[in-house]
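Before any comments, here is the structure.
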Amino acid sequence: MAERDAKQVDGPTTGWMEATWSELRGLMALVLDLSFKQVVTPRIVRVFYTLSLLAALLSALAWMLSGFREGFLMGIFTLVTGPLAFLFYVLCARVAVELILAVFRIADQLERRETGEKTVGPGVERRD
0 MAERDAKQVD GPTTGWMEAT WSELRGLMAL VLDLSFKQVV TPRIVRVFYT LSLLAALLSA
60 LAWMLSGFRE GFLMGIFTLV TGPLAFLFYV LCARVAVELI LAVFRIADQL ERRETGEKTV
120 GPGVERRD
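Quick note: the sequence shown uses numbering that gives the first Met the number 0, first residue 0, plus one each step.
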């Protein structure tokens, strides 16, 4: 019975771990691909965006808290401008990520056009 319980406990954990290792192996295969037939950037852009959101949050909090060291009025100023700076940073990070993804989508569309595949995106009617 203890053996059966151990299998039940290991089941979901093993599945999650196998999926994670499989993803890491695939990512490492892309990183070490010297022919550059596949790009790695679209797959890791979510990680970079998440890290930039975390950096924006920590920077805004540090800015708001450091203002009170200088005095009450400076603290109020940083308390107001901290969230504005956070929103501005997040907006800039989002635009940068979307620009990077747009470049890769354009490259993908051009490659499809060269190989003769249909290049029409969603919501676009093809006129022949």
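Cβ atoms here follow ideal geometry from the backbone N, Cα and C, with glycine treated the same way.
- Of all alpha-carbon atoms in Glu113, Leu100, Asp107 and Ile105, the one lying nearest the alpha-carbon of Phe47 is that of Leu100.
- Here Val39 carries a coil assignment [DSSP, helix/strand/coil].
- When Cβ pairs closer than 8 Å are counted between the two stretches, the region 47-57 is seen to touch the region 81-97, the count reaching three or more.
- The region 63-94 contains no complete alpha helix (DSSP H) run of 4 or more residues.
- 8 Å or more divides the Cβ of Leu78 from the Cβ of Gly70.
- Ranked by Cα distance from Glu110, the first of Leu72, Lys36 and Leu98 is Lys36.
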